[in-house]
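Undergrad: Questions regarding the structure given below will be posed in turn.
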Amino acid sequence: MQLTRRGILKTAMAAPLAFVPQVAVGATWRRHLVLVELNGGNDGLNTVVPYRDPLYRQMRSKLALPTDQVLSLDERLGLHPALERLMPLWIDRHMAIALGVGYPQPNLSHFRSIDIWETATMAETSGEDGWLVRLFKESRPPATLPAEGLVLGRNDPGPLAGENARVIALKKLTSLRKRQRKNLNAAAGSTNPLLDHVVVVQNRMDLAERWLVEKNLQDVSLAGTFPTHDFGRQMETAARFIAGGSAVPVIKCALGGFDTHAGQLGRHRRLLTQLAEGLSSFARAMKGVGMWDDVLVMTYAEFGRRPRENASSGTDHGTAAPQLILGGRVRGGFYGEQPPLDRLEGQNLAYRLDFRALYATVARRWWGLDGKFLGPRTLPLIT
Amino acid sequence: MRSRASYPNHGHDRSNVPIRIISVLILVAWGMGLLASMSSAVALPIAEARHLLARAGFGLSRPDEIMALAYMSRDQAVDHLLGGLRSTPVTEPPGWVGDAMPAGKVRKTWSKVRKKAFNKTNRERWRLLQQWWAGEMLATPSPLTERLVLFWHNHFTTSFDGVKWIPYLYAQNDVFRRHAAGSFRDLLMAMVADPAMLFYLDGRRNRAKKPNENFARELLELFTMGEGMGYTERDIREAARALSGWSVDPATSKAVFRAKQHDRGQKEFLGQRGAFGAPQVVDVILDHDRPARYMAETFYDAFIGGRRHAPTVNAAAKAFRQTDYSIHTLLRTLLVSPAFWDPETYGTQIKSPVDIVMGLARFTHWQGTMKVLVNRMNTMGQRLFRPPNVKGWPGGATWITTTSLASRNGFVYAMTRSWAAAARSGMGGMNAMAANAMAAEMRVLMAEPHRTPAETKAIVLAVPPVRDIAYEKLSPAAYLTALFRDPAFQMK
Chain A
1 MQLTRRGILK TAMAAPLAFV PQVAVGATWR RHLVLVELNG GNDGLNTVVP YRDPLYRQMR
61 SKLALPTDQV LSLDERLGLH PALERLMPLW IDRHMAIALG VGYPQPNLSH FRSIDIWETA
121 TMAETSGEDG WLVRLFKESR PPATLPAEGL VLGRNDPGPL AGENARVIAL KKLTSLRKRQ
181 RKNLNAAAGS TNPLLDHVVV VQNRMDLAER WLVEKNLQDV SLAGTFPTHD FGRQMETAAR
241 FIAGGSAVPV IKCALGGFDT HAGQLGRHRR LLTQLAEGLS SFARAMKGVG MWDDVLVMTY
301 AEFGRRPREN ASSGTDHGTA APQLILGGRV RGGFYGEQPP LDRLEGQNLA YRLDFRALYA
361 TVARRWWGLD GKFLGPRTLP LIT
Chain B
384 MRSRASYPNH GHDRSNVPIR IISVLILVAW GMGLLASMSS AVALPIAEAR HLLARAGFGL
444 SRPDEIMALA YMSRDQAVDH LLGGLRSTPV TEPPGWVGDA MPAGKVRKTW SKVRKKAFNK
504 TNRERWRLLQ QWWAGEMLAT PSPLTERLVL FWHNHFTTSF DGVKWIPYLY AQNDVFRRHA
564 AGSFRDLLMA MVADPAMLFY LDGRRNRAKK PNENFARELL ELFTMGEGMG YTERDIREAA
624 RALSGWSVDP ATSKAVFRAK QHDRGQKEFL GQRGAFGAPQ VVDVILDHDR PARYMAETFY
684 DAFIGGRRHA PTVNAAAKAF RQTDYSIHTL LRTLLVSPAF WDPETYGTQI KSPVDIVMGL
744 ARFTHWQGTM KVLVNRMNTM GQRLFRPPNV KGWPGGATWI TTTSLASRNG FVYAMTRSWA
804 AAARSGMGGM NAMAANAMAA EMRVLMAEPH RTPAETKAIV LAVPPVRDIA YEKLSPAAYL
864 TALFRDPAFQ MK
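Sequences listed follow chains A and B, in order.
With the numbering used here applied, the first sequence covers 1 to 383.
With the numbering used here applied, the second sequence covers 384 to 875.
Here it is as structure tokens:
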């Protein structure tokens, strides 16, 4: 893990030398994965609702959603009404819902659990590389791409964190100043990994700036308008990057505030509304430029929440939860199964689908990579 | 006890002559000691003084602050900074910090318009409180005090996201200053019954009938033990039961214990049994071996950083425990340790946005508004009183992303642009006041004939610059500007 300045400079210098903006890249890397982190732990039972289950109403005297408001998906499950904008995608079978997603021996700490999700490793070691960084070690996206990942919203690279990962974090398209700068040269050779990090980011920034100046992403025209909230802006930036032909393999967005220990109903409704607005605008824009088949959107969160509501009209940290997968090549429908409320483990839902099966599906069926560390199981959710 | 009024008579009292002679002798001895300490053997080199002030302050210090430590030993310099700690702010807080929060029952009767106005006021007050703290960081004669307050803010995190009533955030900040280097036991007890904390981690909703374990979990995971270290999920539930019943009384703005909401049953917590309440939770935790080590590690990471030197952590943990959790002792043990003074430690930490902004503001005797400074810190990713989550700002490498580095560079460029302009013309560009002050500081740095370019570099930077900066080819102003704009300036 120890970074040497020389090693870093080698990779940092290699990129600009190979830098040719319009070069064609292999078909695999034309496919984008857009990750949406539901930061704080989304309440799965009020997202995909077991609205016919009497136990659901019994455990949630204050938080249960009225049956007539739930958007029915089948005879057992329905969507939160705030997700109405996603219904057309479900009907077109461009949205899959993975049910009961989790992992064995769940950890209820925000920080430990998100580590597990983002590194796809259970080992009690910190500083493990993100799962995408580990996957890309097998086959590296070409250095001709401006970056391997783009991080929007929360400045946390999450699954893209790791040694030598080429990641750009961006608040707004305009936040990169458009000026040309020379690459930094070697400094006195002490081992100072954090200073090396500063130098690498500075070089990456200069490179990305040069690239963005070429692309003029702000002038890319998109179908329809995007919501003006932070998450909407993130999805808009993601759409511009993809529509502008950036070929960045991974774009990570984040919607925060799901840690609803108290007064959940209103807050959760607002968050899910923002989620649906952002995702549906993104889908429309991608269809408009004929690239809906080239994107795969996937949500994730550290955990779901406890089935039984707490005394504060909220929910405490839980375990398994549903996740959404959207895209033109997605085979819509349910995957996994809804964890039954009458067979809790402790006070929490027992997971039915290991999240690593979703990652393995992305690795093998989306990018054609192996990703052995993600386990043998994949899901047939990509056509 | 003698009163001050009796002092004037002493000079005329012959019986006191021997005492006077002894005093003179002591004075002479002290003077000789001082002379001895001025010899190079004990004097603090610029690089060492810069290092201490950077880590115990805001990453950058003025030449006068560095020179003030010149004739001290390392231990003396550390004690000098610890001796200067304050328990109260030097600036006046906003007038509304004592306001009582409108009770929930009252707020429920409000119209939509009224509620909107209330939210708007709170948002505005959050910004004003940020500005007040920035002003305190700028004005304080003891940067270490505010560095510690920031440390505690990042440890016992609370946020405007969760604590809408800003006076509670101020009150907690005040508690941090009061206990900054005092007793960790007292501070921990204060946090268990802190209004901002009771709101932020839902402690006020934790009742006997249906416990809310949010605070109990973080109390163990983040505040005292470390994730998964020495406690179980069951300990969290038991602690939540013991902590039930605490709430905030809107009438007094103070924490209040409501016995009816408290679970009075037996608990089994960290291997001890009893009908525990909040004070016993603190006692049982501090009976455990983990907290001393966990806090020693946390302080080590904050003030020394890099790979932890195990003997130093052990010594700090031991001293902390032996003094019944004296923060002063913990901090002093680390600051006088060889690990702290090892030149390999210089420049191995990335400055926080507070360091970048307040360091430069203090260096330049900033005369502009606090709003400008706070906006800069916010865009660099450190919104005071609004950390990203209960774990606080992760810091380290995460401070530097393409977005945040662009914003940091922009600030340093703006500050030194006016400086360079002032050096050329004697007039400021965008910010005349700052430019003039900066020019004055630059004159101090440049005009002293005995100071070499290498010494100037030692004042400004913790590590050698990354870019080639050739003093011979540059004017003094251009040389200094280049030092500030180098990536090495991001380090402390």
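Glycine included, C-beta positions come from ideal geometry on N, C-alpha and C.
Take the Cβ of Gly481 (chain B) as the centre, count every other Cβ of all protein chains shown within 10 Å, and call the residue buried at 16 or more, exposed below.
TA: exposed
Undergrad: Locate the alpha helix (DSSP H) running through Glu838 (chain B), then write down its first and last residues.
TA: Segment Pro836 to Val843, the alpha helix (DSSP H) holding Glu838 (chain B).
Undergrad: Of all the options B:Glu838, B:Leu512 and B:Met798, which has the alpha carbon lying nearest to the alpha carbon of Phe867 (chain B)?
TA: That would be B:Met798, whose Cα lies nearest to the Cα of Phe867 (chain B).
Undergrad: By a C-beta neighbour count over all protein chains shown, 10 Å radius and 16 as the cutoff for buried, is Thr474 (chain B) buried or exposed?
TA: exposed
Undergrad: Using C-beta distances below 6 Å, list every residue in its chain close to Asn310 (chain A), excluding the 5 sequence neighbours before and after it, in chain order.
TA: Cβ-Cβ distances below 6 Å link Asn310 (chain A) to Asp316 in the same chain, with the five nearest sequence neighbours on each side left out; the list follows chain order.
Undergrad: Take Tyr677 (chain B) and list the residues in its own chain whose beta-carbon comes closer than 8 Å to its own, dropping the five residues that flank it on each side.
TA: Thr607, Met608, Gly609 and Met612
Undergrad: Any chance the segment 694-701 of chain B sits against the segment 512-529 of chain B, with 3 or more Cβ pairs inside 8 Å?
TA: Judged by pairs of C-beta atoms under 8 Å, the segment 694-701 of chain B does not touch the segment 512-529 of chain B, as fewer than three such pairs exist.
Undergrad: Run through DSSP, which three-state label would Val330 (chain A) get?
TA: It is a strand residue.
Undergrad: Would you grab the beta carbon distance between Leu108 (chain A) and Phe303 (chain A) for me? Rounded to a whole angstrom, and I think it's under 8 Å.
TA: With a Cβ gap of about 7 Å, Leu108 (chain A) and Phe303 (chain A) count as contacting.
Undergrad: What does Ser139 (chain A) touch in chain B if you count any residue whose Cβ is under 8 Å from its own?
TA: None at all; the shortest Cβ gap to chain B is about 24 Å.
Undergrad: Can you list, in chain order, the residues of its chain whose CB lies under 7 Å from that of Gln655 (chain B), leaving out five sequence neighbours each side?
TA: Within the same chain, Gln655 (chain B) has close Cβ partners Val667.
Undergrad: What is the DSSP secondary structure of Tyr677 (chain B), counted as helix, strand or coil?
TA: Tyr677 (chain B): helix per DSSP, three-state reduction.
Undergrad: Mapping the DSSP letters down to three states, classify Pro322 (chain A) as helix, strand or coil.
TA: strand
Undergrad: Can you tell me which of the three DSSP states Thr299 (chain A) falls into?
TA: strand
Undergrad: Would you say Phe241 (chain A) and Ile97 (chain A) are within 8 Å of each other, going by their C-beta atoms?
TA: no
Undergrad: Listed from N- to C-terminal order along the chain, which residues in the segment 519-547 of chain B have their beta-carbon within a distance smaller than 8 Å of any beta-carbon of chain A?
TA: Asp544
Undergrad: Suppose contacts are defined by Cβ-Cβ distances below 8 Å. Is Pro157 (chain A) in contact with Gly130 (chain A) by that definition?
TA: yes
Undergrad: Comparing C-alpha positions only, which one of B:Arg560, B:Arg690, B:Asp646 and B:Asp618 sits nearest to Arg469 (chain B)?
TA: Nearest of B:Arg560, B:Arg690, B:Asp646 and B:Asp618 to Arg469 (chain B), Cα basis: B:Arg560.
Undergrad: So the candidates are B:Leu427, B:Lys499 and B:Thr540; which of them puts its Cα closest to the Cα of Trp776 (chain B)?
TA: Ranking the options by Cα distance to Trp776 (chain B), first place goes to B:Thr540.
Undergrad: Between Ala661 (chain B) and chain A, is there a C-beta pair that is closer than 8 Å?
TA: no
Undergrad: Roughly how many whole angstroms lie between the Cα atoms of Gln264 (chain A) and Gln274 (chain A)?
TA: 15 Å
Undergrad: Tell me whether Ile783 (chain B) sits in a helix, a strand or coil according to DSSP, three-state version.
TA: If DSSP states are grouped into helix, strand and coil, Ile783 (chain B) belongs with coil.
Undergrad: With DSSP collapsed to three states, give me the class of Val250 (chain A).
TA: strand
Undergrad: Using a Cβ distance threshold of 8 Å, determine whether the segment 780-798 of chain B contacts the segment 730-744 of chain B, with at least three qualifying pairs required.
TA: yes
Undergrad: Is Pro200 (chain A) buried or exposed, if buried means 16 or more other CB atoms sit within 10 Å of its CB?
TA: Going by the sequence as given, residue 200 (chain A) is Val instead of Pro. Its Cβ being crowded by 16 or more others within 10 Å, Val200 (chain A) is buried.
Undergrad: Measure from the C-beta of Gln218 (chain A) to each C-beta in chain B and report whether the shortest distance is under 8 Å.
TA: Not one chain B Cβ lies under 8 Å of Gln218 (chain A).
Undergrad: Just to confirm my understanding: we take Phe282 (chain A), look at its own chain, exclude 5 residues before and 5 after, and list those with CB closer than 6 Å. What are they?
TA: Met235 and Ala239
Undergrad: Under 7 Å Cβ to Cβ from Gly545 (chain B), same chain only, skipping five residues before and after it: list those, please.
TA: Only Phe582 and Tyr583 meet the Cβ criterion.
Undergrad: Start and end of the beta strand (DSSP E) containing Ala169 (chain A)?
TA: Val167 to Leu170
Undergrad: Quick check on the DSSP output: what are the complete beta strand (DSSP E) runs of length 3 or more inside the segment 573-661 of chain B, in order along the chain?
TA: 629-632, 637-640, 650-652 and 655-657
Undergrad: Apply the 10 Å Cβ neighbour rule to Gln705 (chain B) and answer buried if 16 or more other Cβ atoms are within range, or exposed otherwise.
TA: exposed
Undergrad: List the endpoints of the continuous alpha helix (DSSP H) containing Val461 (chain B).
TA: Arg457 to Gly466
Undergrad: Is any non-hydrogen atom of the ligand GTP found closer than 7 Å to the C-beta of Phe226 (chain A), if you look at the structure I gave you?
TA: For the structure depicted, the ligand GTP is absent and the ligand set is empty, with no information on it obtainable.
Undergrad: For Pro937 (chain B), go through chain A and note every residue whose CB falls closer than 8 Å to its CB, in chain order.
TA: There is no way to answer for residue 937 (chain B), as the model of chain B reaches only from 384 to 875.
Undergrad: For the segment 286-296 of chain A against the segment 321-337 of chain A, do three or more pairs of beta-carbon atoms, one drawn from each stretch, fall closer than 8 Å, so that the two count as touching?
TA: yes
Undergrad: Which chain B residues sit within Cβ distance under 9 Å of Leu326 (chain A)?
TA: Ordered by position in chain B, no residue passes the 9 Å Cβ test against Leu326 (chain A), which lies about 27 Å from the chain.
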